Amino acid sequence: MTATPAPGPGPDRDAAVTLDVDASTLRVDRRRNRLRLFVTLVVAVILYWLAVMIAAVVLGLVLALRLLLESGEVATSLDELKFLGIGLAGVAGVAAVIGSLVAAFRLPLQRRRLEKQVLAESGARIVGDTATEPGVRRVRNILDALAIAADIPPPRFAIVEDPAPNSFAVGTRPSRAIVAVTRGAIDALARDELEAILAYEVSRIGSADVALSSWTVALTGAAMGALDDDVSRLVGKLPFWASGRLRRWAMRDAAFERDKAAVRFTRNPSSLLHALETLREEPLEVERVSAATAPLWFEVPARVEGARTTVDERIAALRRLGAG
Numbered sequence: 000m001t002a003t004p005a006p007g008p009g010p011d012r013d014a015a016v017t018l019d020v021d022a023s024t025l026r027v028d029r030r031r032n033r034l035r036l037f038v039t040l041v042v043a044v045i046l047y048w049l050a051v052m053i054a055a056v057v058l059g060l061v062l063a064l065r066l067l068l069e070s071g072e073v074a075t076s077l078d079e080l081k082f083l084g085i086g087l088a089g090v091a092g093v094a095a096v097i098g099s100l101v102a103a104f105r106l107p108l109q110r111r112r113l114e115k116q117v118l119a120e121s122g123a124r125i126v127g128d129t130a131t132e133p134g135v136r137r138v139r140n141i142l143d144a145l146a147i148a149a150d151i152p153p154p155r156f157a158i159v160e161d162p163a164p165n166s167f168a169v170g171t172r173p174s175r176a177i178v179a180v181t182r183g184a185i186d187a188l189a190r191d192e193l194e195a196i197l198a199y200e201v202s203r204i205g206s207a208d209v210a211l212s213s214w215t216v217a218l219t220g221a222a223m224g225a226l227d228d229d230v231s232r233l234v235g236k237l238p239f240w241a242s243g244r245l246r247r248w249a250m251r252d253a254a255f256e257r258d259k260a261a262v263r264f265t266r267n268p269s270s271l272l273h274a275l276e277t278l279r280e281e282p283l284e285v286e287r288v289s290a291a292t293a294p295l296w297f298e299v300p301a302r303v304e305g306a307r308t309t310v311d312e313r314i315a316a317l318r319r320l321g322a323g
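The C-terminal position of the sequence shown is numbered 323 in numbering that gives the first Met the number 0, with every residue numbered one higher than the one before it.
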């Protein structure tokens with residue numbers, strides 16, 4: 000079906016989306032991503048709980064031992080050592096319970112924190128439905144039309160005032176999704192290229208890939224940050240290492256899979272290929288991107304540590320799909 004935009008004010012009200020999208024292809028990708036999302040959530044929650052509990056136990060034991068040393072009382076007999084061990088075990092148990100409660104309280108907040116983090120980090124500005132600026136209105140119309148075609152709620156839309164063409168999507172469920180587009184994408188990309196990038200982001204929302212990447216970034220980042228440097232030196236970096244491994248597993252081959260899903264959705268690999276070629280020739284990169292939120296972006300800047308897939312590799316893969 001050819002997506003038709005919702006009517007709106009301004010000169011872009013008659014803009015039509017030229018992509019012939021097929022929303023049925025998103026269901027297969029959605030099932031795969033939901034299974035991966037379930038596994039990621041379970042493991043990430045365990046890792047986060049483990050990291051917080053370890054931090055709480057270590058802190059409790061350190062405080063208890065410090066109090067003992069400051070008191071000047073040193074256990075000498077076997078009975079005293081036994082009671083000391085029981086006391087420290089009790090402290091560890093109480094600390095573990097407190098750590099578990101803290102983890103249970105903080106986990107639901109990670110979603111909102113991620114949205115706020117990526118918006119603040121990128122400088123993205125949410126655009127209301129009443130925006131009248133021609134370029135912004137055009138993007139809003141295209142997004143609305145693609146959302147209807149994908150059978151998802153229209154995502155919130157944000158502008159990033161950056162001259163480098165790029166975009167990102169974030170949100171743990173379709174009704175909360177945000178699609179952000181840089182000023183450079185609006186100004187520099189041809190119409191079919193801009194449509195292809197927006198269709199790419201909408202297909203990610205419809206296939207649950209945005210939910211997968213958002214939860215993965217939020218929860219693995221939380222687990223990595225639960226242990227400070229001092230605690231990590233005492234107990235090792237197991238939660239940190241495991242969280243990094245989990246993120247790599249959940250988002251393995253993410254760029255290729257997202258491109259293929261977008262092509263299946265739009266049935267037009269050429270437009271996405273042309274968009275990637277334009278980005279490859281563009282010397283500018285989005286300035287405000289961190290390694291933590293980089294997986295959410297359409298193009299991960301080459302300077303970001305951990306960037307795994309280059310634009311050239313994505314272009315080559317699309318050409319193998321018959322994009323030209």
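Beta carbons are placed, not taken as given, at the ideal position from N, Cα and C, and that holds for glycine. Note that the structure is predicted; figures quoted are calculated from it, not measured.
Taking the beta carbon of residue i as the centre, do at least 16 other beta carbons fall within 10 Å, making it buried, or is it exposed?
i, result
"residue 89", "exposed"
"residue 121", "buried"
"residue 208", "buried"
"residue 37", "exposed"
"residue 133", "exposed"
"residue 248", "exposed"
"residue 311", "exposed"
"residue 138", "buried"
"residue 108", "exposed"
"residue 263", "buried"
"residue 129", "exposed"
"residue 210", "buried"
"residue 119", "exposed"
"residue 321", "exposed"
"residue 25", "buried"
Output the distance between the C-alpha atoms of residue i and residue j, rounded to the nearest integer angstrom.
i, j, result
"residue 233", "residue 266", "With a pLDDT of 48 at residue 233, under the threshold of 50, the predicted position of this residue should be treated as unreliable, though the coordinate-derived value follows. The alpha-carbon atoms of residue 233 and residue 266 are separated by roughly 54 Å."
"residue 228", "residue 246", "Residue confidence is low: residue 228 scores 49 on pLDDT, short of 50, so the model does not pin down where it sits. Its coordinate-derived value is still stated next. So the two alpha carbons sit approximately 21 Å from each other."
"residue 52", "residue 147", "44 Å"
"residue 145", "residue 198", "7 Å"
"residue 313", "residue 85", "59 Å"
"residue 282", "residue 161", "13 Å"
"residue 164", "residue 300", "11 Å"
"residue 125", "residue 55", "38 Å"
"residue 64", "residue 316", "58 Å"
"residue 92", "residue 39", "28 Å"
"residue 244", "residue 32", "18 Å"
"residue 11", "residue 127", "Because residue 11 carries a pLDDT of 46, less than 50, the predicted location of this residue cannot be relied on, and the following value inherits that uncertainty. Their backbone Cα atoms lie some 16 Å apart in a straight line."
"residue 203", "residue 62", "47 Å"
"residue 170", "residue 115", "11 Å"
"residue 240", "residue 250", "16 Å"
"residue 174", "residue 205", "11 Å"
"residue 59", "residue 96", "11 Å"
"residue 35", "residue 271", "25 Å"
"residue 30", "residue 293", "24 Å"
"residue 318", "residue 259", "11 Å"
"residue 57", "residue 105", "19 Å"
"residue 261", "residue 44", "30 Å"
Bridge partners for residue i per DSSP, in chain order?
i, result
"residue 296", "167"
"residue 181", "159"
"residue 124", "158"
Anyone know if the C-beta pair for residue i and residue j falls short of 8 Å?
i, j, result
"residue 142", "residue 201", "yes"
"residue 295", "residue 157", "no"
"residue 341", "residue 302", "No information on residue 341 is available, as it lies outside the stretch 0 to 323 that the chain covers here."
"residue 155", "residue 185", "no"
"residue 159", "residue 136", "no"
Three Cβ pairs or more, each shorter than 8 Å: is that satisfied between the stretch 42-62 and the stretch 255-262?
no
Is the stretch 185-205 touching the stretch 213-220 in the sense that three or more CB pairs, one from each, lie closer than 8 Å?
no
For the stretch 192-204 and the stretch 264-279, state whether three or more C-beta atom pairs, one from each stretch, are separated by less than 8 Å.
yes
Looking at C-beta atoms only, is the number of pairs between the stretch 134-154 and the stretch 284-291 that lie closer than 8 Å three or more?
no
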